[in-house]
Ligand SMILES: CC(C)(COP(=O)(O)OP(=O)(O)OC[C@H]1O[C@@H](n2cnc3c(N)ncnc32)[C@H](O)[C@@H]1OP(=O)(O)O)[C@@H](O)C(=O)NCCC(=O)NCCS
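Numbering (my numbering), first residue to last: 14 to 148.
Spelled out as structure tokens, the structure:
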């Protein structure tokens, strides 16, 4: 089966998928870039990032329950780090992760992120992670 992770050109499609994946969570914004994961024609995930100038922020990632554990999030992290490197002038990539989200923590650290308490965003129940320099 073909697996693809492609840029989403249709903001409304991204909005609809985000609502399905994150229910009541606030929409990250039309200025974020969205990628959609598909297995064949079936949508199995969505992720996003935003170029903030000096930094790129990885804002969201979700994979459907049925497709979890197949490396999608790992691929989503790699895709967005590569985008930061090739399409932006950012010096670092940052994100955050719930402290109990062990799959995400595993994947982020494996991708070169480090836990960084001085990061510009730090929510109480999450931990900030930074990757620098961009490869
Ligand atoms: C978190 C989430 C994105 C992970 O997506 P995924 O595509 O299943 O992740 P991957 O398959 O790339 O990798 C998961 C890794 O975590 C590991 N993992 C799974 N459960 C784990 C646990 N309890 N403790 C440690 N590692 C764990 C897996 O073994 C795998 O590593 P491996 O490739 O070495 O086997 C997905 O579960 C999800 O969408 N959750 C709901 C939304 C969410 O939490 N988003 C994250 C916002 S940062």
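Heads up, the beta-carbon is just placed ideally off N, CA and C, and yes, glycines get one too.
It should be emphasised that the depicted structure is a prediction, and the values quoted were computed from it without experimental measurement.
Between residue i and ligand 1, is there a pair consisting of the residue's CB and a ligand heavy atom that are separated by less than 7 Å?
| i | result |
| --- | --- |
| residue 115 | yes |
| residue 63 | no |
| residue 85 | yes |
| residue 94 | no |
| residue 6 | Examination of residue 6 is not possible in this model, given that the chain is present from 14 through 148 alone. |
| residue 76 | yes |
Let's see if you can read the secondary structure: which residues bound the beta strand (DSSP E) around residue i?
| i | result |
| --- | --- |
| residue 107 | 105-111 |
| residue 48 | 46-52 |
Buried or exposed, going by whether 16 or more other CB atoms sit within 10 Å of the CB of residue i?
| i | result |
| --- | --- |
| residue 89 | buried |
| residue 86 | buried |
| residue 117 | buried |
| residue 54 | exposed |
| residue 144 | buried |
Specify the secondary structure class of residue i as computed by DSSP and reduced to three states.
| i | result |
| --- | --- |
| residue 145 | coil |
| residue 36 | coil |
Residue ranges of each beta strand (DSSP E) within the region 55-122, 3 or longer: 55-64, 68-76, 105-111
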